[in-house]
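**Student:** For the protein sequence lines, the chains are L and Y, in the order given.
FYI, the numbering for the first sequence is 129 to 295, going by the numbering used here.
FYI, the numbering for the second sequence is 129 to 295, going by the numbering used here.
There are 2 protein chains.
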Amino acid sequence: MAGIPKTKHRSGCPVSTALDLLGDRWSLLLVRDMMVRGYRTFREFQRSGEGIATNILSDRLQKLEAGGILVRGPAAGDGRSTHYRLTAKGIALAPVLLEILIWGAHHEETDAPCAAVEQMEQNRAEVLAETVRRWEQRDPTPFIPPFSKLKSKSDSKSNSPKGKSKR
Amino acid sequence: MAGIPKTKHRSGCPVSTALDLLGDRWSLLLVRDMMVRGYRTFREFQRSGEGIATNILSDRLQKLEAGGILVRGPAAGDGRSTHYRLTAKGIALAPVLLEILIWGAHHEETDAPCAAVEQMEQNRAEVLAETVRRWEQRDPTPFIPPFSKLKSKSDSKSNSPKGKSKR
DNA sequence: TTTATAGCTTGCGAAATGCAAGTGAGTTTT
DNA sequence: AAAACTCACTTGCATTTCGCAAGCTATAAA
Chain L
129 MAGIPKTKHR SGCPVSTALD LLGDRWSLLL VRDMMVRGYR TFREFQRSGE
179 GIATNILSDR LQKLEAGGIL VRGPAAGDGR STHYRLTAKG IALAPVLLEI
229 LIWGAHHEET DAPCAAVEQM EQNRAEVLAE TVRRWEQRDP TPFIPPFSKL
279 KSKSDSKSNS PKGKSKR
Chain Y
129 MAGIPKTKHR SGCPVSTALD LLGDRWSLLL VRDMMVRGYR TFREFQRSGE
179 GIATNILSDR LQKLEAGGIL VRGPAAGDGR STHYRLTAKG IALAPVLLEI
229 LIWGAHHEET DAPCAAVEQM EQNRAEVLAE TVRRWEQRDP TPFIPPFSKL
279 KSKSDSKSNS PKGKSKR
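Structure, rendered in structure tokens:
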């Protein structure tokens, strides 16, 4: 991402300020990977399938750490490995990422299973709560929404063949 | 923003796909300016106070148009001028921008009036509905949330000196 | 007619990105 | 114990993007 202008060219509004830190191709993806896929290591990010270069990965992790989005610490039992973990500030980006996911699924060609996205859209609060719970418990597994739970709640919806409908 | 990888380095997930189009310093800011400030002209963006260079501005507007986020058309009465307008796909980014705004206001140093942000946070649905209404009616004026309406609804809240509190 | 404006475009240097090899420390295998 | 492997980067370099500011053309105003 290019120059955060060093001088006076800044409006100071929240969106602008947030994009100073997050407005690039990779940063939000990394946060997403930690939040949703449970990634903790450099290696996982590197092999995420998004094609990020190691120097960019290293740079972004450093910037996110400097910005208070994540912290790094040693991984237990392996002296080579580092674990990255989202901070409260980082996990607070969950609503942002959820909205991007929903928007992207609706308006772009993606691989996302439509029913899953629809579920998440209809159950935003639950998805966000689950995201936070998993973060608090340091759950490293990929986030498969507890649809077994959500299904029992909204079974009539999950059966409706909605497909990808524009809002 | 750098290389949307032209080859296989793409996961196809909604967030990744969305960031292919929007993952740079400027694109979401432009959408924000159209959505919230009512901007329609090149000149307005240029003078927004964010310090965008004209070649970047031109490039981003073209990319957003190509991506279906906005359309351009002649401005009535001035043969030099072009008007840019968000599409339905573009206005559908409102929840994304609202969440970024709320996150930014909470977690970064910004100029945003705290009470205003708090109001928006507590009334997400109304803010989003108003955003869409203004878009539908092509309202070019800056979005000042109808706090006169929201105040009457939540007067006790607006009087409480909350300040900026972390979530 | 001259001056000003709108919307870009352009030339060029600076900065960022991407590729892929390289490095040093730690771990596992032979 | 030595060799091979792995982890987390780092590095050198080419390519791309960004930023600055001047420039260009068509339209509008003075």
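Heads up, the beta-carbon is just placed ideally off N, CA and C, and yes, glycines get one too.
1) Answer with yes or no whether the minimum CB distance from residue 166 of chain L to chain Y is below 9 angstroms.
2) Ordered along the chain, which non-local residues of its own chain (more than five positions away) have a Cβ less than 7 angstroms from that of residue 217 of chain L?
3) Within this structure, are the beta carbons of residue 146 of chain Y and residue 235 of chain L separated by less than 9 angstroms?
4) Is residue 186 of chain L close to chain Y? Criterion is C-beta to C-beta, closer than 9 angstroms.
5) Is residue 245 of chain L near residue 227 of chain Y, with beta carbons less than 9 angstroms apart?
6) Name the chain L residues that come within less than 7 angstroms of residue 221 of chain Y, Cβ to Cβ?
7) If you draw a straight line from the C-alpha of residue 155 of chain Y to the C-alpha of residue 258 of chain L, how long is it?
8) If contact means a Cβ-Cβ distance below 9 angstroms, which residues of the segment 137–167 of chain L contact chain Y?
9) Where residue 192 of chain L and residue 251 of chain L are concerned, what is the direct C-alpha to C-alpha distance, given to the nearest angstrom?
10) What does the alpha-carbon distance come out to for the pair residue 269 of chain L and residue 185 of chain L?
11) Could you pull out every residue in the same chain whose Cβ sits closer than 6 angstroms to the Cβ of residue 149 of chain Y, ignoring the five residues on either side in sequence?
12) Mind checking residue 240 of chain L: buried by the 16 CB within 10 Å criterion, or exposed?
13) Using CA atoms only, rank isn't needed, just tell me which of Y/230, Y/222, Y/220, Y/214 is closest to residue 167 of chain Y.
14) So with Cβ pairs under 9 angstroms, would you call residue 191 of chain L a contact of chain Y?
15) Just the chain Y side, please: which residues come within less than 7 angstroms of residue 240 of chain L by C-beta, in chain order?
16) Please go through the same chain and pick out, in chain order, the residues whose beta-carbon is closer than 8 angstroms to the beta-carbon of residue 174 of chain Y, but skip the five residues on each side of it.
17) Between which two residues does the alpha helix (DSSP H) holding residue 145 of chain L run?
18) Going by DSSP in three states, residue 106 of chain L sits in which element: helix, strand or coil?
**Tutor:** Considering the structure as presented:
1) No, its Cβ sits nowhere closer than 9 angstroms to a Cβ of chain Y.
2) The answer, listed in chain order, is 196, 197.
3) Their beta carbons are under 9 angstroms apart, which means residue 146 of chain Y touches residue 235 of chain L by this criterion.
4) Among the CB atoms of chain Y, none fall inside 9 angstroms of the CB of residue 186 of chain L.
5) Here residue 245 of chain L is not near residue 227 of chain Y, since their CB atoms are 9 angstroms or more apart.
6) The answer, in chain order, is 231.
7) Going by the C-alpha atoms only, they are around 30 angstroms apart.
8) Contacts with chain Y (Cβ-Cβ distance below 9 angstroms) from the segment 137–167 of chain L involve 137, 138, 139, 140, 141, 142, 143, 144, 145, 146, 147, 148, 149, 150, 151, 152, 153, 154, 155, 156, 157, 160, 164, listed in chain order.
9) Roughly 29 angstroms separates the two Cα atoms.
10) About 21 angstroms.
11) Same-chain partners within the cutoff: 195.
12) Residue 240 of chain L comes out buried.
13) In this structure, Y/214 is the residue among Y/230, Y/222, Y/220, Y/214 with its C-alpha nearest to the C-alpha of residue 167 of chain Y.
14) No, because no Cβ of chain Y sits closer than 9 angstroms to the Cβ of residue 191 of chain L.
15) Chain-ordered, the chain Y residues with CB closer than 7 angstroms to the CB of residue 240 of chain L read 141, 142.
16) Closer than 8 angstroms at Cβ, skipping near neighbours: 180, 182, 185.
17) 142–150 is the extent of the alpha helix (DSSP H) around residue 145 of chain L.
18) Because chain L is modelled from 129 through 295, residue 106 of chain L falls outside the range shown and cannot be assessed.
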